[in-house]
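Residue 2 is where the sequence shown starts when you use the working numbering, and the numbers rise one by one after that.
Even glycine gets a Cβ: it sits at the ideal position worked out from N, Cα and C.
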Amino acid sequence: PVSQSSYFDVIIFAFPFDLFCCIFLPFCMPNIPSLSKGRCPKGEEGFFVMRVRKLANPFNFRKDFPVLQLENIFSRPEQPLQLEIGFAYGEFILEMAKKHLEINFIGMEVREPLVEKLQREILTQKRTNLVAIYASSNVNLSIIPDKSIDHVYIFFPDPWFNTKHHKRRIITPRFLDELQPKLKNGSTLLFQTDVETLYQDTRKIIHSSPYWILEEHANVHTLNATGVASYFEDRCLRRGWPIYRLLISGNK
Numbered sequence: 002p003v004s005q006s007s008y009f010d011v012i013i014f015a016f017p018f019d020l021f022c023c024i025f026l027p028f029c030m031p032n033i034p035s036l037s038k039g040r041c042p043k044g045e046e047g048f049f050v051m052r053v054r055k056l057a058n059p060f061n062f063r064k065d066f067p068v069l070q071l072e073n074i075f076s077r078p079e080q081p082l083q084l085e086i087g088f089a090y091g092e093f094i095l096e097m098a099k100k101h102l103e104i105n106f107i108g109m110e111v112r113e114p115l116v117e118k119l120q121r122e123i124l125t126q127k128r129t130n131l132v133a134i135y136a137s138s139n140v141n142l143s144i145i146p147d148k149s150i151d152h153v154y155i156f157f158p159d160p161w162f163n164t165k166h167h168k169r170r171i172i173t174p175r176f177l178d179e180l181q182p183k184l185k186n187g188s189t190l191l192f193q194t195d196v197e198t199l200y201q202d203t204r205k206i207i208h209s210s211p212y213w214i215l216e217e218h219a220n221v222h223t224l225n226a227t228g229v230a231s232y233f234e235d236r237c238l239r240r241g242w243p244i245y246r247l248l249i250s251g252n253k
């Protein structure tokens, strides 16, 4: 015969783990944001946080996309054009498009759910000066027309800490070589991160490039010059975390 305590132990051991997670985990971790209800952790109000895979291999993309025809995607293709690479939740580029109707914006992101989310926001708000693209800057920069970009934003990209994955970072020597023909004369790139090692590595790459002039702002606690914060920038500012910022001008 099995004692009552032993029987209870057997029942707990046999209880399906996935069912346990579904029933009990939401009560144990109340600060996890809910996609279905759009709830945010305490202190993160005002942002819609989605559960998406944090890292996505930026090389797993088709390479045969045609060049974008700006007259087919913008109502006013003659306006200045700005590009954000890795827009994440999309709050920065969406707010910039609202604030600057006189500028066109392209957002590029490697996580498809985030692209679909921003595309829905664009349709809902009827933004005719903003386009969200599911593409990777590592392999798809060729879709950007030459001499078309006035400004580039790269905010808080995945740092890819593992050395063998450094080639997956956004800013690499190859990226700078491929981006340079896409820029108008006098174009700039604003880069921000909260990872000091990524900041230092990026500095070295830019210093070795023949195309760029670098302006550095390390360990800052102020909003970037656009006056619009991304989700991660706002979080750093509110929590007092340092931001490492690089403003890069093209054409040395």
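**Prompt:** Which of the three DSSP states, helix, strand or coil, is assigned to Leu115?
**Reply:** helix
**Asked** Taking the DSSP output, what are the residues bridged to Leu199?
**Response** Beta-bridge pairing links Leu199 to no other residue.
**Prompt:** Under three-state DSSP, which class holds Thr164?
**Reply:** helix
**Message:** Which residues does DSSP list as the beta-bridge partners of Arg246?
**Reply:** Gln193 and His218
**Message:** Among Asp235, His101 and Leu115, whose alpha-carbon lies nearest the alpha-carbon of Thr254?
**Reply:** Outside the shown range of the chain, which is 2 to 253, sits residue 254, and nothing can be said about it.
**Request:** Give the secondary structure of Ser143 by DSSP, where H, G and I count as helix, E and B as strand, and everything else as coil.
**Result:** helix
**Request:** Measure the alpha-carbon distance for Asn186 versus Asp151 and round it to whole angstroms.
**Result:** 8 Å
**Item:** Beta-carbon proximity of Met97 to Val229, cut-off 7 Å
**Value:** yes
**Prompt:** Which same chain residues, not among the five before or five after Gly241, have their C-beta less than 8 Å away from its C-beta?
**Reply:** His222
**Request:** Report the residue from Gln201, Leu131 and Ile214 whose alpha carbon sits nearest the alpha carbon of Phe75.
**Result:** Leu131
**Prompt:** Where do the N-terminal and C-terminal ends of the beta strand (DSSP E) with Asp159 fall, by residue?
**Reply:** Per DSSP, Asp159 belongs to no beta strand (DSSP E) and is neither H nor E.
**Asked** Applying the criterion that 16 or more other CB atoms from any shown protein chain within 10 Å of the CB defines a buried residue, is Leu124 buried or exposed?
**Response** exposed
**Under the three-state DSSP convention, the category Leu238 falls into** = helix
**Prompt:** If you draw a straight line from the alpha carbon of Ile244 to that of Asp235, how long is it in whole angstroms?
**Reply:** 10 Å
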